[in-house]
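Just below is one structure, and these are the notes that go with it.
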Amino acid sequence: MGCLPCFESRRKRDELGGDGDRREEKRKEEQPMVPPSLDRVSSDLKNRSSSESKKGIDAPNDSSGIVAVKQLDQNGLQGNREFLVEVLMLSLLHHPNLVNLIGYCADGDQRLLVYEFMPFGSLEDHLHDLPPEKEGLDWNTRMKIAAGAAKGLEYLHNKANPPVIYRDFKSSNILLDKDFHPKLSDFGLAKLGPTGDKSHVSTRVMGTYGYCAPEYAMTGQLTVKSDVYSFGVVFLELITGRRAIDSTRPHGEQNLVSWARPLFNDRKKLPKLADPRLQGRFPMRGLYQALAVASMCIQEQAASRPNIADVVTALSYLASSYDPNASSPTSSNKSGGGEHDDRRSRGTGGRLVQKNEEGGGGLEREDSPREGVGSVMNKDFDRERAVAEAKLWGENWREKIRANAVAREAANNSS
1 MGCLPCFESR RKRDELGGDG DRREEKRKEE QPMVPPSLDR VSSDLKNRSS
51 SESKKGIDAP NDSSGIVAVK QLDQNGLQGN REFLVEVLML SLLHHPNLVN
101 LIGYCADGDQ RLLVYEFMPF GSLEDHLHDL PPEKEGLDWN TRMKIAAGAA
151 KGLEYLHNKA NPPVIYRDFK SSNILLDKDF HPKLSDFGLA KLGPTGDKSH
201 VSTRVMGTYG YCAPEYAMTG QLTVKSDVYS FGVVFLELIT GRRAIDSTRP
251 HGEQNLVSWA RPLFNDRKKL PKLADPRLQG RFPMRGLYQA LAVASMCIQE
301 QAASRPNIAD VVTALSYLAS SYDPNASSPT SSNKSGGGEH DDRRSRGTGG
351 RLVQKNEEGG GGLEREDSPR EGVGSVMNKD FDRERAVAEA KLWGENWREK
401 IRANAVAREA ANNSS
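Under the UniProt record's numbering, read the sequence shown as residues 1 to 415, first letter to last.
So this is what it looks like as structure tokens:
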């Protein structure tokens, strides 16, 4: 059997457990390579240890494209199992927010996977340990990445038949193309979801510490809501710029979810959750709404988390509702971040309420100095209400798009 080429990145899997140290190697930077023959790549890699990164190869002048190659661990049954699962999943699943599998190699002890090349690397590369000269992601880009990644999960949960549980949703597995379009990668731990009257899949606990849903970590019972929890953790990473687990931070701040949850209950502290690299360039209302979505996703009880389709609806609104060129950060916002319209924010209820002002709908937050994100969900989190609000965001957004389309068509007909 032959092989295809490009970047090689072997990553060891660890079962959950132990302390909060990051339990797998940081993904090696993907190196562009233009594919010669598969046999040539396979032969070259056979002379390397599985932990070596393939930096590049000479390419013929008539090569037609850049791809990426990952070499899996050659030792142990788990590496073979993950290879087979990934080939199967990506051969059957196709969506704009899933990475494309171009080919694979299973020649002797070589296990190579060949993907489309994603030039901007992983989301993790753009959130953590940035060099001083590298600019961080802006608010709009973060929301669009979150919305795209959620659409990938929605396809796996709701449109694949049978449904697929990703089981390893994390920032290092979200790859970005040159336009920051996100695609989910690394399906070695994916599982087929429950069918018929089954509510869950029982399996050995695998994944990455800090992203794993609590009920799965404790019982091994896996559902699509386990992925929703992991999505909530990544969404918090996007909002805060913090790692899911960071042992370099002070005690009490090392676990992102544990650190963020108490802050949800105090509106005055919500700006502290925004990534300092944003430098206040974000809509305060958008921050509240994004934190409300994250809060829904990381609920302790799986049944209290929203379906990923509702998350997609909410994030599609958030990704389209803020124009960074419409205004600039104002000096009146002294609470620590965000472009803020005092006329819209005054109120006493701490609720998300419908606004029908000229120029578009959406949900506005009536801020209370005593209440925070927790009040959006009635403290104990009223899931039905939260889902209804999320749907309303999307409905208003879609209605605005339809109205604009009708207006354009009318203008074209009259001209």
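In this text, a Cβ means the ideal position worked out from N, Cα and C, and glycines have one as well. These numbers come from a predicted model, not from an experiment.
Inter-residue Cα distance where the pair is residue i and residue j
i, j, result
"Arg81", "Leu72", "11 Å"
"Leu270", "Leu153", "27 Å"
"Ser171", "Asp177", "14 Å"
"Glu124", "Asp138", "15 Å"
"Asn173", "Phe83", "16 Å"
"Ala309", "Tyr155", "9 Å"
"Cys212", "Ala303", "16 Å"
"residue 424", "Leu256", "Residue 424 falls outside the range modelled here, since the chain spans only 1 to 415, and no answer is possible."
"Val201", "Ile298", "20 Å"
"Ala146", "Ala314", "11 Å"
"Gly108", "Asn265", "56 Å"
"Met206", "Gly280", "38 Å"
"Tyr104", "Arg261", "43 Å"
"Leu88", "Thr219", "27 Å"
"Tyr229", "Pro214", "9 Å"
"Phe231", "Asn97", "14 Å"
Of the listed residues the options, nearest to residue i (C-alpha basis)
i, options, result
"Gly286", "Ser320, Ile66, Lys70", "Ser320"
"Arg112", "Pro96, Gly152, Asp186, Asn97", "Note that residue 112 is Leu in the sequence shown here, rather than Arg. The option with the nearest alpha carbon to Leu112 is Asp186."
"Gly148", "Asn255, Ala106, Ser316, Cys212", "Ser316"
"His181", "Val201, Gln110, Tyr104, Lys144", "Lys144"
"Gln301", "Asn265, Leu236, Leu222", "Leu222"
"Gly210", "Gly220, Leu263, Asp168, Ala403", "Asp168"
"Tyr322", "Leu130, Asn97, Gln279, Asn140", "Asn140"
"Pro119", "Leu318, Gly65, Leu263, Glu215", "Gly65"
"Ala106", "Thr219, Gly79, Gly121, Pro96", "Gly79"
"Gly121", "Asp179, His95, Pro96, Leu88", "Asp179"
"Phe235", "Ala403, Arg249, Leu318", "Leu318"
Cut-off 8 Å between Cβ atoms - residues of its own chain near residue i, not counting five sequence neighbours on either side
i, result
"Ile239", "Arg142, Leu273, Ala274, Asp275, Leu287, Ala290, Leu291, Ala294"
"Tyr115", "Cys6, Val67, Ala68, Val69, Lys70, Val99, Asn100, Leu101, Ile102, Ser185"
"Ala410", "none"
Same chain, Cβ closer than 7 Å to residue i, five either side skipped, listed in chain order
i, result
"Glu86", "Leu113, Phe187, Gly188"
"His95", "Gly152, Tyr155"
Whether residue i touches residue j by CB criterion (7 Å)
i, j, result
"Arg204", "Gly241", "no"
"Tyr166", "Asp246", "no"
"Leu192", "Lys183", "no"
"Ala190", "Val224", "no"
"Lys151", "Val312", "yes"
"Met296", "Pro306", "yes"
"Val233", "Ala217", "no"
"Thr208", "Pro162", "no"
"Leu90", "Ala160", "no"
Contact test: residue i Cβ vs the ligand GDP heavy atom, cutoff 6 Å
i, result
"Arg204", "This structure does not include the ligand GDP; it has no bound ligands of any sort."
Burial state of residue i, where buried means 16 or more other Cβ atoms lie within 10 Å
i, result
"Gly252", "exposed"
"Glu135", "exposed"
"Glu133", "exposed"
"Leu352", "The pLDDT assigned to Leu352 is 33, lower than 50, so where the model puts this residue is not dependable, and the model offers no usable value."
"Glu52", "Only weak support exists for where Glu52 lies, its pLDDT of 33 falling under 50; the coordinates are left without a value."
"Arg267", "buried"
"Asn413", "exposed"
Contacts around residue i, its chain only, beta-carbon distance under 6 Å, and the 5 residues preceding and following it disregarded
i, result
"Trp259", "Glu253"
"His128", "Arg243"
"His157", "Pro163, Val224, Ile308"
"His126", "Leu137"
"Ala403", "none"
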